[in-house]
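What follows is a set of notes on a single structure, which appears directly below.
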């Protein structure tokens, strides 16, 4: 696929270039011209959770939190429920089925902290 992107057979647009989607493709916000498309694929997830923390809560908290979820050594997936070094800030990852299951484990950990069974940070 990379070869098709390099050759220009598959073209990429940044989302902020697109005004909206129509049957013919994607009208561009700058000049209103329509970029014709047979298929539109939206690729998401380019930013880490740490980047979102940085945007929402600032640099200090983002640096304190560090890497939240993702690949660990040996390219294994990290934990699905993550208590961060910032008190009260937790993350949960996975599809709807996984997050539904893991939300119970997260709730139990939060309850244990509130009842003094696990230490606060």
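Numbering (this note's numbering), first residue to last: 27 to 147. Virtual Cβ for every residue (Gly too), placed ideally from N, Cα, C.
According to DSSP, which residues form a beta bridge with residue 118?
-> Along the chain shown, one-based indexing puts residue 118 at 92. In the DSSP assignment, the residues bridged to residue 118 are 107.
What span of residues does the alpha helix (DSSP H) with residue 90 cover, start to end?
-> On the chain shown, position 64 is the one that residue 90 refers to. DSSP places residue 90 in the uninterrupted alpha helix (DSSP H) bounded by 85-91.
Cβ-based burial, residue 79 [other Cβ within 10 Å; buried from 16] | As a working note, residue 79 is residue 53 in the chain shown. Under this definition residue 79 is a buried residue.
Under 7 Å Cβ to Cβ from residue 72, same chain only, skipping five residues before and after it: list those, please.
-> Counted from its first residue, the chain shown places residue 72 at position 46. Here the set comprises nothing.
Through-space distance from residue 147 to residue 83, alpha-carbon basis | Residue 83 sits at position 57 when you count from the first residue of the chain shown. Residue 147 sits at position 121 when you count from the first residue of the chain shown. Computed Cα separation, rounded: 18 Å.
Simplified DSSP assignment, three categories, for residue 101 = Here residue 101 corresponds to residue number 75 of the chain shown, with the count starting at 1. Confidence at residue 101 is low in this model, with a pLDDT of 49, below 50, so its placement is unreliable and no value can be given for it.
Would you call the CB atoms of residue 28 and residue 44 closer than 8 Å?
-> Along the chain shown, read from residue 1 onward, the residue named residue 28 stands at position 2. Along the chain shown, read from residue 1 onward, the residue named residue 44 stands at position 18. Contact flag unset, no.
Answer with buried or exposed for residue 76, where buried requires no fewer than 16 other C-beta atoms within 10 angstroms of its C-beta.
-> In the chain shown, the residue the question calls residue 76 occupies position 50. Counting Cβ neighbours within 10 Å, residue 76 comes out buried, since at least 16 surround it.
Look at the Cβ atom of residue 62, then the Cβ atom of residue 91, and state whether they are nearer than 8 Å.
-> For the purposes of this step, residue 62 is taken as the residue at position 36 of the chain shown. For the purposes of this step, residue 91 is taken as the residue at position 65 of the chain shown. It is not a contact, given that the beta carbons lie outside the stated cut-off.
What did DSSP end up calling residue 29 once you bin it into helix, strand or coil?
-> Your numbering for residue 29 matches position 3 in the chain shown. It is helical.
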